[in-house]
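Student: Before I ask anything, let me first share the structure, which is written out below as structure tokens.
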Amino acid sequence: MENTLEINQKIAKNLTHYRKEAGLTQAELAEKINYSDKSVSKWEQGNGIPDVYILLQLAKLYNVSLNDLVGEETPQSKAKAEKTKGLKIMIILLSSGIVWLVATCVFVALQLLNPTGWIWWMVFLYAVTANAVLLIVYASIWKYRLLNFVGVSALIWTGLTCLYLTISFLPNNVGMDLGPLWCIYLIGIPLQVLEVLWVFFRSLFRKAKKTEN
956 MENTLEINQK IAKNLTHYRK EAGLTQAELA EKINYSDKSV SKWEQGNGIP
1006 DVYILLQLAK LYNVSLNDLV GEETPQSKAK AEKTKGLKIM IILLSSGIVW
1056 LVATCVFVAL QLLNPTGWIW WMVFLYAVTA NAVLLIVYAS IWKYRLLNFV
1106 GVSALIWTGL TCLYLTISFL PNNVGMDLGP LWCIYLIGIP LQVLEVLWVF
1156 FRSLFRKAKK TEN
């Protein structure tokens, strides 16, 4: 639990940030809310906090919510978090782009070396699987639960599809009746169910842990 001093300091940082962002001096702000500049200075030093009525006035003046003034995160940390999130998205997109660039280069090279090879398009299917692995890695590092779920699901089904087509197009198997090869996809059903259950129980565990705290 945070003590009063820590809470006051957080609110003080928010009040100082939004006042400066509005281009007001402490004296100008004090005049607008009919308080002394000494009171404003005291609030921004963390030696006290305005009452709810004044906080509402300030929120309206700065065009922000009350939570922005008293919230856990300071405006600076919010901006930093948004910048970091944008950087992470950029890294994911660039990494995915590299995967598809490599896949395209491999496809072109194979076509030039053997133009009659009609299954080189499968390179792009393998690229989907590789991209799924990439998403899982980033999602695990940055704890993006939804992205992790999408990545695992994509890995399961594209991986099985790659296996199915690879077996189907092996030189010794082309034109042969491979029978119930489609049964490979049955493996994906329990894997997907396990993934859903894992997400569900992990969510329950997280909620229980928060309740305990």
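Reminder that position 148 of the sequence shown reads as 1103 in the numbering used here, one-by-one numbering, no gaps. Even glycine gets a Cβ: it sits at the ideal position worked out from N, Cα and C.
Reducing DSSP to helix, strand and coil, say where W1055 ends up.
Tutor: In the sequence shown, counting from the first residue as 1, residue 1055 sits at position 100. Three-state result, W1055: helix.
Student: If L1110 sits next to A1082, beta carbons under 8 Å apart, how far is it from one beta carbon to the other, in whole angstroms?
Tutor: Locating residue 1110 in the sequence shown gives position 155, counting from the first residue. Locating residue 1082 in the sequence shown gives position 127, counting from the first residue. Rounded, the Cβ-Cβ distance is 13 Å, inconsistent with contact.
Student: If you check the beta carbons only, do L1121 and T1084 fall under 8 Å apart?
Tutor: Taking the sequence shown and counting its residues from 1, one reaches residue 1121 at position 166. Taking the sequence shown and counting its residues from 1, one reaches residue 1084 at position 129. Just to set this straight, residue 1121 is Thr in the shown sequence, not Leu. It is not a contact, given that the beta carbons lie outside the stated cut-off.
Student: Please identify the residue among Y1140, G1003 and L1136 whose C-alpha is closest to the C-alpha of N963.
Tutor: If you number the sequence shown from 1, residue 963 lands on position 8. Among Y1140, G1003 and L1136, the Cα nearest to that of N963 is on G1003.
Student: With a Cβ-Cβ cutoff of 8 Å, do F1079 and A1094 count as a contact?
Tutor: In the sequence shown, counting from the first residue as 1, residue 1079 sits at position 124. In the sequence shown, counting from the first residue as 1, residue 1094 sits at position 139. Not a contact, by the Cβ cut-off of 8 Å.
Student: Counting Cβ pairs, one atom from each stretch, are 3 or more of them under 8 Å apart for the region 970–990 and the region 1016–1025?
Tutor: Yes: the two stretches touch, three or more of their Cβ pairs being nearer than 8 Å.
Student: Hey, how far is the Cα of V1151 from the Cα of V1105?
Tutor: Walking along the sequence shown from the start, residue 1151 turns up at place 196. Walking along the sequence shown from the start, residue 1105 turns up at place 150. The straight-line gap from Cα to Cα measures roughly 11 Å.
Student: Starting from the C-beta of V1107, find all residues in its chain whose C-beta is less than 7 Å away, skip the five residues before and the five after it, and write them out in chain order.
Tutor: Counted from its first residue, the sequence shown places residue 1107 at position 152. Hits under 7 Å: I1091 and E1150.
Student: If I988 and I1009 are in contact, beta carbons under 8 Å, what's the gap, nearest whole angstrom?
Tutor: Locating residue 988 in the sequence shown gives position 33, where the first residue counts as 1. Locating residue 1009 in the sequence shown gives position 54, where the first residue counts as 1. The Cβ separation is near 6 Å, so the contact holds.
Student: Any beta carbon from chain B within less than 8 Å of L1065's own beta carbon?
Tutor: No chain B is part of this structure, which consists of one protein chain only.
Student: Is I988 helix, strand or coil by DSSP?
Tutor: Taking the sequence shown and counting its residues from 1, one reaches residue 988 at position 33. Note: I988 maps to coil in three-state DSSP.
Student: In terms of residues, what are the limits of the alpha helix (DSSP H) holding Q964?
Tutor: As a working note, residue 964 is residue 9 in the sequence shown. Q964 -> alpha helix (DSSP H) spans T959 to E976.
Student: CA-CA distance, I1074 and L1136?
Tutor: For the purposes of this step, residue 1074 is taken as the residue at position 119 of the sequence shown. For the purposes of this step, residue 1136 is taken as the residue at position 181 of the sequence shown. If you take the alpha carbons of I1074 and L1136, they lie about 19 Å apart.
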